[in-house]
Amino acid sequence: MKKAVLIGLMTLPLCLSAQQSSAGDPTPSGTTATSVTFPVERVQKPTRADLYCSGFVGKQIQTHANFVAGGLDSPFTTQFGSGEALFLNGKGYEVGQEFTIVRELTDPNRYELFPGQWAALKAAGQPYEEVGTVKIVDTRNKMTVAQVEFACDTILPGDYAIPFVNKSAIEFHPPMRVDRFAAANGQVNGRIILAKEFDSELGTGAKVYLNIGSNQGLKVGDYLKAVRSYETTAKDSVDKLSFMAPSLDPTQLKKPSMEQGFLNRTNGPEIHIAEMPRRAVGEIVILGTTPSTATGMIVYSLETVHIGDRVELDQQ
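For the sequence shown, this note's numbering gives the first residue as 1075, with consecutive numbering after it.
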């Protein structure tokens, strides 16, 4: 199971004049445009595979009676790909119809990547992988024959068939600047609760599942900013260890202390993590929605995106 993804870092040096030409709005008051505070992002455009192979989290599918029972070479072949014939159990099939083959998922590693992750996922619904699309070619027997038109992964007996739905192409924006330390904008916001293949460290191209959906006004093609606070880092079981590291310079007379007590109390300056600005870590485009969840793709990452990072609608 992949737990690390190569992160696409696309920050480019920029000067103020380049910023003004790449983004319509002027630099907000109280800021100076630099490559750190306002890096320029170039987003990755979703492909057909991104649109139709991203999976989703949602309520249970309508029926479990329609599923893959086998294929032309059963029982010698149990994994099927593009162009192969499948036998589908169930009813409601017509010649020429297309169906999406999905797989119900479970994570054998029951480790929470943020406190309350499993409760949030249970409230959101069941994770599904989209493994391919098929077209019905023969309905004369008790089992229907279908041909695999597009395979995202190997199709297995027991995978379910649901009606195929066309997905709209995603409009992507040209290079633009990112306000990395922008305050909350009061727009729709939620959280990354899971990632495709149960990955935990995510970069450009990774698929994520959010705990907000169409009921909150989210729609396909919306862009969201992924953000992280330093309080979140301080509460992470691994990342917080860096806060506990001693000072690297023994010549410093008054060493700082933090309010959580990660460092020994001294008469030096007190550092309040909660007052540090949150930072943007990536940009996500919405590929699909359910009433209470959404599937997104990271189209730009400044650093590793984590499960549990917050997201908010980016109106830029």
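Glycine residues also receive a C-beta, built at the ideal position from the N, C-alpha and C atoms.
One Cα belongs to Ser1242, the other to Leu1292, and the distance between them is close to 15 Å. The three-state reading of DSSP puts Lys1196 in helix, counting H, G and I together.
The C-beta distance from Ala1220 to Ile1210 rounds to 5 Å, short enough to fall under 8 Å.
Burial state of Tyr1126 is buried, judged by a 10 Å Cβ sphere holding 16 or more other Cβ atoms.
For Thr1363, the closest alpha carbon among the candidates Ala1193, Lys1314, Ser1128 is that of Ser1128.
Pairwise C-beta distances place the segment 1146 to 1161 out of contact with the segment 1278 to 1287, as fewer than three of them are shorter than 8 Å.
Under the three-state reduction of DSSP output, Thr1278 falls in the coil class, being neither helix nor strand. Straight-line measurement puts the Cα of Lys1309 at about 16 Å from the Cα of Ile1345. In terms of CA proximity to Leu1361, Phe1246 leads the group Phe1246, Ile1135, Gly1232. DSSP places Met1350 outside both helix and strand once states are collapsed to three, so it counts as coil. With fewer than 16 other beta carbons inside 10 angstroms of its own, Phe1150 counts as exposed. Less than 8 Å divides the Cβ of Ile1372 from the Cβ of Ile1358.
For the set Leu1298, Lys1314, Arg1254, the Cα lying nearest the Cα of Tyr1304 is the one of Lys1314.
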